Every structure is written in C-alpha cells, then in structure tokens.
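Protein chains: 2
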Amino acid sequence: MRTLEVALGARSYPIRIGRGLLHDGSLVRPFLKTSRAVIVTNDVVGPLYLQRMQSALASVGVEAGATVLPDGEAHKDWPTLNLIFDDLLRARCERSTTLIALGGGVVGDMGGFAAACYQRGMPFIQVPTTLLSQVDSSVGGKTAINHPLGKNMIGAFYQPRLVLADIDTLDTLPDRELRAGLAEIIKYGLIRDLPFLEWLEANLERLLARETEALAEAIERSCANKAEVVAADETERGERALLNLGHTFGHAIEAGMGYGAWLHGEAVAAGTMMAAELSRQLGWLSHQDVERVESLFVRAGLPIRGPELSGERYLDLMASDKKVEGGQLRLVLLQKVGKAVIHAEAGQQAILAAIRQRSP
Amino acid sequence: MRTLEVALGARSYPIRIGRGLLHDGSLVRPFLKTSRAVIVTNDVVGPLYLQRMQSALASVGVEAGATVLPDGEAHKDWPTLNLIFDDLLRARCERSTTLIALGGGVVGDMGGFAAACYQRGMPFIQVPTTLLSQVDSSVGGKTAINHPLGKNMIGAFYQPRLVLADIDTLDTLPDRELRAGLAEIIKYGLIRDLPFLEWLEANLERLLARETEALAEAIERSCANKAEVVAADETERGERALLNLGHTFGHAIEAGMGYGAWLHGEAVAAGTMMAAELSRQLGWLSHQDVERVESLFVRAGLPIRGPELSGERYLDLMASDKKVEGGQLRLVLLQKVGKAVIHAEAGQQAILAAIRQRSP
C-alpha cells in the first residue's frame, strides 16, 4: 500500500493506494468519530462493492447504512442529493456520523456536498472506484451538483478525512471509463510534470492492460501532483486553476451534448486539444508539440475532436463557466508541453478558430 | 454609527449599527470585489427598502440586480433557494460578484447559504432588517434551509464580509416581530451577561417604544456577546452551543406547529421557560429565578408556555435536533441567571415534566 498526504494544516489527510483496501476495515476505523457511518453509492457500484465495505466495517464494530443513488452524471442534481438528506434524517444521523462515498466522481461529488451541508458539516471519507475519481475528483475537496444552466455550479470546498483508492475496484471498470481516467492522468503531465508525461508515453499500454504496478504508479504520481497544487491553493485563487486544462471547453461539450452523453474525461481530452490548438496559434506550441499531445490521447483511445456543436454554442456555454472574471474568460493554455498558464486575453475569434480546428 | 468587529482571522468582519446606513453606498463599496452585486430580499421587505439600497449602490457605481423571494419561514426550502441560483446563473453572475441579503433571518439564512454554494462560494453581505436578525442570525455565519424532517438541517458555516444593521428598518417592523427579537436579546443576558440582563430589566419599555438609543445599545451589546462567542468557537464545537438556550425546545415547537405558525423568537421564549423549569428541577434555579425570567418575557409580550403539543411529540422532534450526540440530547440549561451550561444527563422523565409544567 502506498500513502500520500494532502497537507492542509488541521485538515490534512492521507490518500492510501493499493489492492485489497476495501476488505480492511482497520484502515477506516481510526478516521471515524463514532461507531456509525453511512455509505453513499450508486446502483452500479453498490451491487459490486457495498457488501464488501459493510462487512469490513462490521468487522471493526462499525454499523454502516447505505443510500444507493441512480448512476450517472444526469442524476448529479438536487432531487438525487436530497435522497441522501432524506436517508440521513430518517436514520437520525448525527453530525458526528461519517459519510463514506463509495463510487466514481459523481458519487464522490454528491456524497461530499451532502456531507458539507448536512447539519452544516459531517465527517466524510472518499472511496473512489473509478480511475478518474482515484486520480482527480476524490482528492482536493471540490464537491458539487449540476444546475440545468451549468455544471458543478452549486457546491462547496469540503475536504475528506481519508481517501482510499482500492485498485481492485478498477478490475470491473468498463474500458471506456478507464480511458476517460487516463485523460486526467495525462493532464498532470501536460500542465506541470514533464517526467511523468514521458513515463506515460513509455507505459501507456501497461495502463491499458491494467497492470497493478503501472496503475499504482500512475495513481500515486497523479495524486502527488494534485495534492501539491491543492496544498498551495485550496480554494482556487491561483495555481489550482491550472488543473482545469481543457475543462472550460470540456464543460461546454458536456453541457451542450447533455450530461452523460460524453464522459468527463472524453470531453477533457477533446477540450485539451482545443486548448493545445489555441496555444499553437499563440506561438507557444509547435505543430510537433500538438501532435505529441494528440498521439498520446489517440493511443489512450480518447477523442481528439469535439462533437457536432456550433462555435457560437461553445462560446455561449463557456461564458457561464466558473472561470469567467470581469466578463473575461480565463483559459488554461500550454506555454509549453509540461507547463500550463492562465490566459485571459484570448479573443473570441481566436477561441472560435481553435474550436473549429478541432471540430468534425 | 457604532462599529464592532467579529474576530475570525482572515475572515474577520465589521458590524455597523446606526440610522440611515441603507442610504449610504460608501459603507458597502469597500467590501465589494467588483462593481457588481445581487440583492436577495423578499416580497415584504423588498417594496420597502430594495430601491433605497439599489440607489445607494448606484450612487457609488455599483449595479445591483435583485431576487425577490416569497416571505416566511415556510419558504425556507430548496425550491425557494433555487430561485436565487436560477437568477444568479441567468444573470451570469461570477464568483466574484457579491450577494447582499436584505431582510430578516430567513432571507439572511437563505442568501448566505446560496452565497456559500454558488460556484462553491461568492462574497456575501448581511443587511438585516428585523430586530431578531440584527442581534442574532446575521452575525456568526450560520446559514441553512429547512428540511421537512428538521429545521436548519441543510446549511453551511459561511461568514459575511460585512453586517449593516440599519435601525431605520425597525420603524416598519410589526410589533409581534419586534417582540420576537427581544427573546434573543434577553437570551444573551441569561446565558452570559448579567449586567446586560439588568440593563434590559431597567430599559425594556424604551425598547418596546423603539427609542433609537436604547435599540442601538441593545443591538450593540447583543452583537458584542455573539461576536465573542463566535470568535472563540466558530463551528460550534463547544461554547457556541450555549447560544441555543431554549432552541431545542423551541425548534420542536416550530416544527410541531408547522414552520411560520410560531415566530422563532416566540418559540425560543417558551423553550427558554422549559429550560428554566428543568434547571429549577435540577436545583440550579430557585422559584424566584424562574419568575424573574418569566416576568421579563411577560413584559416583552412573549409567550411563557408552549402550544398544545404532546410531550411525546416534543421528545420525538427534539431527538432529531442537531444537538444530539451519541444518542444523548445535549440541552442548554441555566446554572444560574446569567450563566448557561450544556447538560447531557437530563433523563426523559425530567424533560417531559419540564415540558408539561410549561404547556397549556
């Protein structure tokens, strides 16, 4: 088992990575305030891992109820969040009860936001079961639900007490979701870690084959990057925004196509190619650089173009993104491969040109 | 104008108390990050003060839109909260836009919770327009909405940047609401400030007559007490719970009668008498002490008995209160007049006896 620490003073917490973690209740017990917990999961992950987690907790004397949500980004909304509150209140959970989110990014975001709001905050543990959530969304305390007018618009910064990334859970992950997770892994290399990018270029096929050591290495190095950024800028006033490479374009794709049609990682991959194209137009990346990024996404089986969506629709959707400040879109672009920057001066025409270059 | 500071490190903020504050946009301007704000108010307060506030802001170059909510505790729910999110998103408000809550406790709680959640947190200013919100709910960062199964169950600790208590707004406050505000003022004297209680005993009629100097004094001393407690214990791990004298009984009254039937301050007054009665049964207060508390509430025109509600119903409603820990109700009681304590050992029979003693 590998362990990393997210250094946030009194709110610091460990990330544990390895196989068989879900079987071991003693990994969780020290982080609970009482012998009571509630597991939030969904109807895909629940049948696979809920009982394993409940048995592990029972073996250390912890009684854990469960709320099973419908699966999918389309359910990342208030009515579904309220299912959690209903259960917590019906079971008379106290504010010292711990909420455990067992699932992918949607479950983690919703479980975390429910924990942030229930009685103004209850303790919370992330048990991510997808590659994407293990390397990104479970770390750093961003929680949210979607609003019909924008993704992740209603939420909170709320840190977990522990993140438990059990590589066993990736055995049941559909190929398409494994690939989507690779998009966020590649992102860390692109924005701030060239040696990791080179490692990914050398080891991508081992990841696609789900080799344990390769997965553990990729997850650890991704989480180490994320933990460093979050420790320096918890509430995204500066550096943390760099983690959003490809995300402003990507959110427009997700919202424009209807949540769930494109996986988040797929939209991020296509969005990253738009950001790379814009970076090339600004003279920061060469043609070869763009091709280097593209070929890694292609090897990972990820889209390198956006969907059928008009340029105007992109601009409209991007204008309501959280990264707008003073009416100006703040885009994350690549100054070079391995170094991202915030750029607020890209004109509408340049953005449109990049989108069109990377559209069907 | 009187000014107090809530000392919370980087999140410290001033409370300004006086007449004519709503007319003066320059009091607000230094606390805005941009020249854009959104005012959240309701359909009772809006017609009285919204235009005044918007003009004051316009005079310092600030454009402020408005969301007008339906009035009342019955609307302190998710669908109403979502009206704020709809407007913020439709107007493409950024996370640097400031939300200004103009109204009583419900508007402040909802506006504050909306600000806490919108894009994971936007700046927020409290402009309380009722006595109760000026002395209590606008200070300290507790925000929330109700859930059908419990009051204030979904919320956040989220501090404002500024609290502006304009005594002018009390001129239009109905008598019943003025009296409800007195309940929370009297509470500060009872739990930790005997000299203030004595001042209230000497000046209650001046408050009921709405004398400016008396109101300013009562508001300042109440806020000073609240600010001290909040600075010492922002998220209610200890001392802050003492502010809930009468509230666990009171919440049961509010929920049991249907939100809005009893004003919060009225329920707190009756609940405080139950807490006083239980304190007497424990041998902490004398009969004379209880009568002293009672006579102040009577002079303030506040109820000193609960409504027609069975003792079992009280216990049931109290069991889902946020003050339950390890299955044990933690009640705030009076060790003596002027000093509250947390008591977790009161048995069900003793609690029932106190409720019955103070029921019709």
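Protein sequences appear in the order of chains A and B.
Heads up: the first sequence at position 243 corresponds to 243 in the UniProt record's numbering, and the numbers run straight through without jumps.
Heads up: the second sequence at position 350 corresponds to 350 in the UniProt record's numbering, and the numbers run straight through without jumps.
A virtual CB, placed ideally from N, CA and C, is assigned to each residue, including glycine.
As the structure is a prediction and not an experimental result, all values here were calculated from the model.
Q) Taking the alpha carbon of LEU162 (chain A) as the point to measure from, which residue in A:CYS117, A:ALA224, A:PHE31 has its own alpha carbon closest? A) The residue you call residue 162 (chain A) lines up with position 162 of the first sequence. The shortest C-alpha separation from LEU162 (chain A) is found at A:PHE31.
(Q) Could you compute how far the alpha carbon of TYR314 (chain A) sits from the alpha carbon of ARG358 (chain A)? (A) Translated into the one-based positions of the first sequence, residue 314 (chain A) becomes position 314. Translated into the one-based positions of the first sequence, residue 358 (chain A) becomes position 358. Going by the C-alpha atoms only, they are around 12 Å apart.
(Q) Need the endpoints of the alpha helix (DSSP H) that GLU254 (chain A) sits in, please. (A) Looking up residue 254 (chain A) in the first sequence gives position 254. Its alpha helix (DSSP H) spans residues 247-257.
**Q.** Given ARG305 (chain B) as reference, the closest of B:GLY258, B:ALA354, B:GLY283, B:GLY347 once Cα atoms are compared
**A.** Taking the second sequence and counting its residues from 1, the one referred to as residue 305 (chain B) is at position 305. For the residues B:GLY258, B:ALA354, B:GLY283, B:GLY347, the minimum Cα distance to ARG305 (chain B) belongs to B:ALA354.
Q: In the DSSP assignment, find the beta strand (DSSP E) that holds MET153 (chain A) and state where it starts and stops.
A: Along the first sequence, one-based indexing puts residue 153 (chain A) at 153. Residues 150-157.
Q: Give a yes or no on whether the minimum CB-CB distance between TYR118 (chain A) and chain D is below 8 Å.
A: Among the chains of the structure shown, chain D does not appear; the protein chains present are A and B.
Q) DSSP on GLU5 (chain A), reduced to helix/strand/coil? A) In the first sequence, the residue the question calls residue 5 (chain A) occupies position 5. The answer is strand: DSSP assigns GLU5 (chain A) an E or B state.
Q.
Give me the subset of the stretch 92-107 of chain A whose CB atoms are less than 9 Å from a CB atom of chain B, sorted by chain position.
A. ARG92, GLU94, ARG95, SER96
(Q) Under 8 Å, Cβ to Cβ, is there at least one residue of chain A near ILE167 (chain B)? (A) Translated into positions along the second sequence, residue 167 (chain B) becomes position 167. So, not an interface residue.
Q: Kindly indicate which residue of B:GLY155, B:LEU282, B:ILE219 has the alpha-carbon position closest to the one of ILE186 (chain B).
A: Locating residue 186 (chain B) in the second sequence gives position 186, counting from the first residue. Taking only the C-alpha atoms, the option nearest ILE186 (chain B) is B:ILE219.
Q | Contact set for residue 362 (chain B): own chain, Cβ-Cβ below 8 Å, skip 5 residues either direction | A | Here chain B has residues from 1 to 360 only, and residue 362 (chain B) is not among them.
Q) Counting only beta-carbon atoms, is HIS147 (chain A) nearer than 8 Å to chain B? A) Mapped onto the first sequence, residue 147 (chain A) falls at position 147. Cβ-Cβ to chain B under 8 Å: yes for HIS147 (chain A).
Q: Would you check if there are 3 or more beta carbon pairs closer than 8 Å linking the stretch 175-192 of chain B to the stretch 200-210 of chain B?
A: yes
(Q) Less than 8 Å between the C-beta atoms of GLY301 (chain B) and THR272 (chain B), yes or no? (A) Taking the second sequence and counting its residues from 1, one reaches residue 301 (chain B) at position 301. Taking the second sequence and counting its residues from 1, one reaches residue 272 (chain B) at position 272. Contact: no.
Q | DSSP state of GLY18 (chain B) mapped onto helix, strand, coil | A | By one-based count along the second sequence, residue 18 (chain B) stands at place 18. Strand, per DSSP.
(Q) When you compare the stretch 6-18 of chain A with the stretch 159-173 of chain A, are there three or more beta-carbon pairs, one atom per stretch, that lie closer than 8 Å? (A) yes
Q | Closest by C-alpha distance to ALA58 (chain B), when choosing among B:PRO70, B:VAL298, B:ARG36 | A | As a first step, residue 58 (chain B) must be located in the second sequence, where it is residue number 58. It is B:ARG36 whose Cα lies nearest to the Cα of ALA58 (chain B).
Q) By DSSP, does GLN288 (chain A) sit in helix, in strand, or in coil? A) Against the first sequence, residue 288 (chain A) aligns to sequence position 288. GLN288 (chain A): helix per DSSP, three-state reduction.
Q. Given that LEU8 (chain B) touches chain A, what residues does it touch there, using C-beta distances under 9 Å?
A. Walking along the second sequence from the start, residue 8 (chain B) turns up at place 8. Neighbours of LEU8 (chain B) on chain A: none; closest Cβ ~15 Å, over 9 Å.
Q. Which term fits HIS287 (chain B), buried or exposed, when burial requires 16 or more other beta carbons within 10 angstroms of its beta carbon?
A. Here residue 287 (chain B) is taken as the residue at index 287 of the second sequence, counted from 1. Exposed, because fewer than 16 other Cβ atoms sit within 10 Å of the Cβ of HIS287 (chain B).
Q) What beta strand (DSSP E) runs, 3 residues minimum, are completely inside the stretch 39-69 of chain B? A) 63-69
Q | Contact with chain B by THR67 (chain A), beta-carbon distance below 8 Å | A | The sequence position of residue 67 (chain A) within the first sequence is 67, counting from 1. False, the Cβ-Cβ gap to chain B never drops below 8 Å.
Q. On the three-state DSSP scale, how would you describe ASP193 (chain B)?
A. Position 193 of the second sequence, counting from 1, holds the residue named residue 193 (chain B). ASP193 (chain B): coil per DSSP, three-state reduction.
Q: Output, in sequence order along the chain, the residues in the stretch 9-36 of chain B whose CB is closer than 8 Å to any CB in chain A.
A: THR34
Q.
On the criterion of 16 or more Cβ atoms from any shown chain inside 10 Å, does LEU194 (chain B) qualify as buried, or is it exposed?
A. For this step, residue 194 (chain B) is matched to residue 194 along the second sequence. When all chains shown are included, LEU194 (chain B) counts as exposed.
(Q) For GLN281 (chain A), tell me which candidate among A:ALA350, A:GLU177, A:GLU308 has the shortest Cα-Cα distance. (A) Counted from its first residue, the first sequence places residue 281 (chain A) at position 281. Comparing Cα-Cα distances from GLN281 (chain A) to each of A:ALA350, A:GLU177, A:GLU308, the minimum goes to A:ALA350.
Q: Spell out whether any CB of chain A is found under 8 Å from the CB atom of GLY326 (chain B).
A: For the purposes of this step, residue 326 (chain B) is identified with residue 326 of the second sequence, where counting begins at 1. Closer than 8 Å to some Cβ of chain A, the Cβ of GLY326 (chain B) qualifies, so yes.
Q. Is it true that the stretch 169-176 of chain B meets the stretch 254-262 of chain B, where meeting means three or more beta-carbon pairs spaced less than 8 Å apart?
A. no
(Q) Excluding the 5 residues flanking VAL106 (chain B) on each side, which residues of the same chain have their C-beta closer than 6 Å to its C-beta? (A) By 1-based counting over the second sequence, the position of residue 106 (chain B) is 106. Closer than 6 Å at the Cβ level, and outside the excluded window around VAL106 (chain B), lie GLU73, LYS76.
Q | Interface residues of chain A facing LEU89 (chain B) [CB-CB closer than 7 Å] | A | For the purposes of this step, residue 89 (chain B) is taken as the residue at position 89 of the second sequence. What LEU89 (chain B) touches in chain A: HIS147, LEU149, GLY150, MET153, SER320.
Q: Keeping to the same chain, check which residues put their C-beta closer than 8 Å to that of GLY20 (chain A); ignore five residues upstream and five downstream.
A: Taking the first residue of the first sequence as 1, we reach residue 20 (chain A) at position 20. Here the set comprises ASP166, ASP168.
Q: Determine the direct distance from the alpha carbon of LYS323 (chain A) to that of ALA241 (chain A), and round the result to whole angstroms.
A: By one-based count along the first sequence, residue 241 (chain A) stands at place 241. By one-based count along the first sequence, residue 323 (chain A) stands at place 323. Cα-Cα distance, rounded: 8 Å.
Q | Contact set for ASP24 (chain A): own chain, Cβ-Cβ below 8 Å, skip 5 residues either direction | A | By one-based count along the first sequence, residue 24 (chain A) stands at place 24. For ASP24 (chain A), where only same-chain residues beyond five positions count, the Cβ hits under 8 Å are ALA56.
**Q.** Distance between LEU69 (chain B) and LEU22 (chain B) (C-alpha atoms, nearest Å)
**A.** Along the second sequence, read from residue 1 onward, the residue named residue 22 (chain B) stands at position 22. Along the second sequence, read from residue 1 onward, the residue named residue 69 (chain B) stands at position 69. Approximately 20 Å between the Cα atoms of the pair.
Q.
I'd like the ranges of any beta strand (DSSP E) spanning at least 3 consecutive residues and lying wholly in the stretch 72-125 of chain A.
A. 98-103
Q) So what's THR143 (chain A) in DSSP terms, helix, strand or just coil? A) Here residue 143 (chain A) corresponds to residue number 143 of the first sequence, with the count starting at 1. Reduced to three states, the DSSP call for THR143 (chain A) is strand.
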